[in-house]
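Student: One structure follows; several queries about it will come next.
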Amino acid sequence: MPAMEKLAGNFFLVGLMGAGKTTVGRALARRTDRTFYDSDHEIEARTGVRVATIFDIEGELRFRDRETSVIADLARLDNIVLATGGGAIIRPQNRACLSAHGTVIYLRATIDDLLARTLHDKNRPLLQIADPRAKLESLFQERDPLYREVADIVVDTTQQNVSLLVARLMEQLAGLPPKHRPAQGS
Numbered sequence: 265m266p267a268m269e270k271l272a273g274n275f276f277l278v279g280l281m282g283a284g285k286t287t288v289g290r291a292l293a294r295r296t297d298r299t300f301y302d303s304d305h306e307i308e309a310r311t312g313v314r315v316a317t318i319f320d321i322e323g324e325l326r327f328r329d330r331e332t333s334v335i336a337d338l339a340r341l342d343n344i345v346l347a348t349g350g351g352a353i354i355r356p357q358n359r360a361c362l363s364a365h366g367t368v369i370y371l372r373a374t375i376d377d378l379l380a381r382t383l384h385d386k387n388r389p390l391l392q393i394a395d396p397r398a399k400l401e402s403l404f405q406e407r408d409p410l411y412r413e414v415a416d417i418v419v420d421t422t423q424q425n426v427s428l429l430v431a432r433l434m435e436q437l438a439g440l441p442p443k444h445r446p447a448q449g450s
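Residue numbers 265 to 450, in the working numbering, belong to the letters of the sequence shown in order.
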């Protein structure tokens, strides 16, 4: 596949919970012959407990510390696709790390789609409240500017077929100048 040859480096997916980062990330990794990682799954593998449990016991701040460490470790790998947690972009050092080590793709969806995709998922600690729609709206208002700040590409995942979405994404990626990792030691 000629388009795949043009695609160099890492691809990092950012966006709110339910935007499709893990689903699209896995498909993109298969399509580009890269290794797929999910930062939340990596945190769970390292700690031996679910993200929701970390939130319950240690709180969001300690979870974000763990997330920052995992993102820094994974971003240094070569030719990966990384689905980040929805709040990973809150910390400036995470945005800088992602931007410095690969192409950042913001997967964006409507609040209605996000709510439909996350409504029954008990592993979303920030949405285990009386009004998850209001929380998603608040998170969107807070985070959308940060996602846009770090993104090389913005992709709307609202009511999109994953295969078609990845094909369109591949075209966009092929049109970008490749981002290379900084030299070792910088």
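Ideal Cβ positions, reconstructed from N, Cα and C, are used throughout, including at glycine.
For the stretch 350-426, list the beta strand (DSSP E) runs that are entirely contained and at least 3 residues long, ordered along the chain.
Tutor: Here the runs fully enclosed are 366-372 and 417-420.
Student: For Pro446, which residues in the same chain have their Cβ closer than 8 Å to its Cβ, ignoring the five residues on either side in sequence?
Tutor: The pLDDT assigned to Pro446 is 40, lower than 50, so where the model puts this residue is not dependable; a value taken from the coordinates is nonetheless given after this. Counting only Cβ-Cβ distances below 8 Å, and skipping sequence neighbours, we find Ala364 and His365.
Student: Could you tell me whether the stretch 326-346 touches the stretch 299-306, where touching means 3 or more Cβ pairs closer than 8 Å?
Tutor: With the cut-off at 8 Å, the stretch 326-346 and the stretch 299-306 touch.
Student: Using DSSP's beta-bridge definition, name the partner residues of Asp302.
Tutor: For Asp302, which the question treats as bridged, DSSP gives the partners Ala347.
Student: So Ile417 packs on Ile369, CB below 8 Å; how close in whole Å?
Tutor: 5 Å between Cβ atoms; contact.
Student: Would you call the CB atoms of Leu433 and Leu280 closer than 9 Å?
Tutor: Their beta carbons are not under 9 Å apart, which means Leu433 does not touch Leu280 by this criterion.
Student: The alpha helix (DSSP H) with Val315 in it runs from where to where?
Tutor: Note, Val315: alpha helix (DSSP H), Val315 to Ala339.
Student: For Leu292, name the three-state secondary structure that DSSP assigns.
Tutor: Correct three-state label for Leu292: helix.
Student: So what's Phe276 in DSSP terms, helix, strand or just coil?
Tutor: Correct three-state label for Phe276: strand.
Student: Select from Ala339, Arg381, Gln424 and Glu413 the residue whose C-alpha is nearest the C-alpha of Leu400.
Tutor: If we check each option's Cα against that of Leu400, Arg381 comes out closest.
Student: List the whole-angstrom C-beta distance separating Val206 from Val414, where the pair is believed to meet the contact cut-off of C-beta under 8 Å.
Tutor: Because the chain here runs from 265 to 450, residue 206 falls outside it and cannot be looked at.
Student: By DSSP, does Leu440 sit in helix, in strand, or in coil?
Tutor: The answer is coil: DSSP assigns Leu440 none of H, G, I, E or B.
Student: Does the beta-carbon of Leu437 have 16 or more other beta-carbons within 10 angstroms, so that it is buried, or is it exposed?
Tutor: So Leu437 ends up on the buried side.
Student: Please name the residue in Glu322, Ala316 and Phe276 whose C-alpha comes closest to that of Ala352.
Tutor: When each option's Cα is compared against that of Ala352, the closest is Phe276.
Student: With DSSP as the reference, label Ala309 as helix, strand or coil.
Tutor: Ala309 falls in the helix class under three-state DSSP.
Student: Specify the secondary structure class of Val430 as computed by DSSP and reduced to three states.
Tutor: Of the three classes helix, strand and coil, the one that applies to Val430 here is helix, per DSSP.
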